[in-house]
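Just so you know, we're using our numbering here: the sequence shown kicks off at 11 and counts up by one. We put the CB at the ideal spot given by N, CA and C, even for glycine. Note that the structure is predicted; figures quoted are calculated from it, not measured. Here is the structure we will look at, set down as structure tokens.
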Amino acid sequence: MSVEAKLAARGLTLPPPPQPLGSYTAVSRAGDLLFISGQLPLQDGKVVWQGQVGRDLTVAEGKQAAQLAALNVLAQIHAHLGGFERLDHIVRVEGYVTSAPGMLDQPAVVDGASDLFADVLGEKAGHARAVYAQTQQPANAAVILVVIAQVKPGHA
């Protein structure tokens, strides 16, 4: 089953890749690695999930924010590679969670992204991960994901 079909089974569709919010590229390639710039929970050019998890949002809502940011990561990969066939795997995910003081469930929030990757990419989704608590982020985004992915060897 294709990634798009797996997304559809979850009631999701691959969005157009969001445009960068500043003077940088969304994806930079070095050799067989793709460095995906911070992806926010953007939909139609607007940050859908804003504020601090633990104050403005629940952990469950934070997971939804991470899932939407992950969907935007997939959109960037798809646009850069022209599909998912050339994707070898997700190497690393860094999740930055805007958190209220005392909120310690950042790993559970970023599971929203990791779980989506696992569900739709299967064995291509196995990744190392780091999660960070932030008090404030650009555009008041609840979550930002930074991802490194690897292209299959021999696929320029």
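For residue i, the nearest candidate out of the options (CA to CA)
i    : options                : result
A15  : V161, D129, Q160, Q147 : D129
E71  : L44, A118, I87         : A118
S12  : G164, P27, Q144, G93   : G93
G136 : G61, F127, G164        : F127
P30  : G48, E95, A159         : G48
Q86  : D54, A36, K162         : A36
T145 : Q160, H90, G61         : G61
P148 : P26, L24, G32          : G32
S38  : G164, E95, A89, L24    : A89
Distance, residue j Cα to residue i Cα
i    : j    : result
V69  : V63  : 6 Å
E104 : I154 : 8 Å
I46  : N82  : 10 Å
V107 : A80  : 13 Å
R102 : R65  : 28 Å
L97  : Y34  : 23 Å
L91  : D54  : 22 Å
G41  : L67  : 39 Å
Residues near residue i by beta carbon distance below 6 Å, same chain, minus five either side
i    : result
G122 : K73, A76, Q77
V120 : A76, G105, V141
7 Å Cβ shell around residue i - same chain, five flanking residues per side excluded
i   : result
P51 : V57, V58, W59, A75, L78, A79, A151, A152, V153
Neighbourhood of residue i by C-beta distance below 8 Å, restricted to the same chain and skipping five residues each side
i    : result
E133 : H99
Open item on the list: Between the segment 108-115 and the segment 19-27, can you find at least three pairs of beta-carbon atoms closer than 8 Å?
Closed with: In this structure the segment 19-27 does not touch the segment 108-115; the number of beta carbon pairs closer than 8 Å is below three.
Open item on the list: Restricting to runs no shorter than 3 residues, where is the beta strand (DSSP E) found entirely within the segment 27-85?
Closed with: Complete beta strand (DSSP E) runs here, min 3: 37-40, 43-49.
TODO: Can you check the segment 133-166 for any alpha helix (DSSP H) of at least 4 residues that lies completely inside it and give the ranges in chain order?
DONE: Runs found: none.
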